[in-house]
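With this note's numbering, letter number 65 in the sequence shown gets 65, and the count goes up by one each step, no holes. Where a beta carbon is used, it is the ideal one built from N, C-alpha and C, also for glycine. Quick caveat: nothing in here was measured; it's all calculated off a predicted structure.
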Amino acid sequence: MIKIAQEQPSAGIYSGERTIDGLVVMYKGAPLTKLLALDETSNDDFEWGYEGDSPARLAHALLLHRTGDPAVADAFSIRLMVQFVAKLDNEWEVREGQLDRLIEEIQQSTPALS
């Protein structure tokens with residue numbers, strides 16, 4: 001089980017919105033793409049509100065940013081996409097602690113591979 005840092009009083013908020021210039025995904029006011037050192041055009045690859053490749057990329061980015069572990073992001077991005085990202089509205093916000101709890105639930109409900 002991957003340990004995730006406890007939520008602090010100054011915990012950050014992830015947010016997404018559809019603007020006239022395209023999709024924007026932020027964390028504490030900074031573009032998630034910059035925080036993950038992704039190409040600026042990667043924001044165009046993020047989507048939400050349905051199941052598909054672009055929402056799966058957003059789920060992967062959220063997991064990678066939150067856990068810092070590419071293996072966790074690879075293992076759980078589809079589940080996070082189905083259970084969370086696909087259900088997001090046009091504009092959304094999620095606190096670190098909420099995302100941490102969801103990640104933990106997904107990890108606990110996924111059978112271990114033997």
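Boundaries (first-last residue) of the alpha helix (DSSP H) holding residue i
{"i": "L36", "result": "Premise fails: L36 is in no alpha helix (DSSP H) and is neither H nor E."}
{"i": "S99", "result": "According to the sequence as given, residue 99 is Leu; it is not Ser. Its alpha helix (DSSP H) spans residues 96-109."}
Buried/exposed call for residue i, threshold 16 Cβ in 10 Å
{"i": "E96", "result": "buried"}
{"i": "T19", "result": "exposed"}
{"i": "T110", "result": "exposed"}
{"i": "A61", "result": "buried"}
{"i": "R101", "result": "exposed"}
Distance cut-off 6 Å: residue i Cβ against heavy atoms of the ligand GTP
{"i": "D53", "result": "Because no ligand of any kind appears in the structure shown, any question about the ligand GTP cannot be addressed here."}
DSSP three-state assignment for residue i, whether helix, strand or coil
{"i": "G68", "result": "coil"}
{"i": "L23", "result": "strand"}
{"i": "A11", "result": "coil"}
For residue i, the nearest candidate out of the options (CA to CA)
{"i": "V72", "options": "I103, G49, P55, Y50", "result": "I103"}
{"i": "P31", "options": "I106, L58, R79, A86", "result": "L58"}
{"i": "Y50", "options": "R79, G29, Y27", "result": "R79"}
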